[in-house]
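The block underneath contains the structure these notes are about, expressed in structure tokens.
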Amino acid sequence: MKILIIEDETPSQEYLINILNGISLRNIETANSIDSAIHMLNLYQPALVFSDIRLGNNLVFEAFEKVENPNFGIIFTTAYEEYALKAIKLSAFDYLLKPINPLEVHEALQKFVNSSNQFHKEKIDILIDSTKGSLDYLDFFFVNTKYEVLKLFYSDIQYLLADGNYTIIHTNTKKIVSSKTLKYFEDILNPTVFVRYSRYGILHKNAIKSFDDTTRTIESKDGRIHQVSVRKSAEFDIFVKNQITNLN
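Read in order, the letters of the sequence shown are residues 131 to 378 in this note's numbering.
Dropping the structure here:
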């Protein structure tokens, strides 16, 4: 597998190369600027890119935008939680926070190997659009499961339930397990369509069958009862009020 590391700090480059060499990955090239990244992405055509977000005063997305036929996976590396992480989450690319843990590199690689590459170009397009501010929310989202990448449309989702650090996504036809937390999905889902009603769940507005104001419970269309928490109660009431207003 051909790997490109986009990183402007030599020690960070060398550290990541050593981690990859340690798991028998040696077909590796590097780039340390926007210009060299554009050149290597077009010339080398990697299957996977490890990329820092900031290169000097520039953002690496400028390079991705100038790739002729982007068809590669991306694992971002960054020193801190920054604004671009919403765009990364929206496009469903993986990211690692520095200092990078070798075990997390291995896990991210395993997820990449297990996933399909059918959405790479679409995910890169979403990434570029969202970093430009021209895209806030989609009507679908990507989910990385153990074996594949799924594209789920809002209209197919009923609700999402927390299960420890995992999330169980209940669609109209099946359940999907994601290794992402419920907070991850809360950050990328359109708040006019989905509501976080407690620390344990997020509901699609169209999945709500009824609401009992006395017990503060929601019945979803599949018959499940969801308890609105005290902390989320006011937020849920505003959501319901907005839905009623929009119907009038």
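All C-beta atoms, glycine included, are put in the ideal place defined by N, C-alpha and C.
Asked                                                                                                           : Found
Identity of the residue in 165, 243, 144 and 362 nearest residue 178 by Cα                                      : 243
4-residue-minimum alpha helix (DSSP H) runs that sit fully inside the segment 144-202, ordered along the chain  : 164-174 and 191-194
Backbone CA spacing between residue 294 and residue 300 [nearest angstrom]                                      : 16 Å
Those runs of the alpha helix (DSSP H) which lie wholly inside the segment 214-271 and span at least 4 residues : 214-221, 232-244 and 250-261
Option nearest residue 276 by Cα separation, candidates 324, 258, 237 and 304                                   : 237
Residues near residue 171 in its chain [Cβ-Cβ closer than 6 Å; skip 5 each side]                                : 197
Extent of the continuous beta strand (DSSP E) to which residue 317 belongs                                      : Residue 317 -> not in any beta strand (DSSP E); alpha helix (DSSP H) instead, spanning 312-318.
Check whether residue 137 and residue 162 have beta carbons under 8 Å apart                                     : yes
Short Cβ contact (8 Å threshold) for residue 150 with residue 133                                               : yes
Nearest to residue 281 (by Cα), restricted to the options 220, 337, 311 and 258                                 : 220
Own chain residues within Cβ distance below 8 Å of residue 223, not counting five before or after               : 203, 204, 205, 206, 253 and 257
Given residue 334 as reference, the closest of 174, 351 and 308 once Cα atoms are compared                      : 351
Among 364, 250 and 331, the one whose alpha carbon lies nearest that of residue 316                             : 331
Rounded C-alpha distance that separates residue 356 from residue 327                                            : 8 Å
Segment limits, beta strand (DSSP E) that includes residue 331                                                  : 331-334
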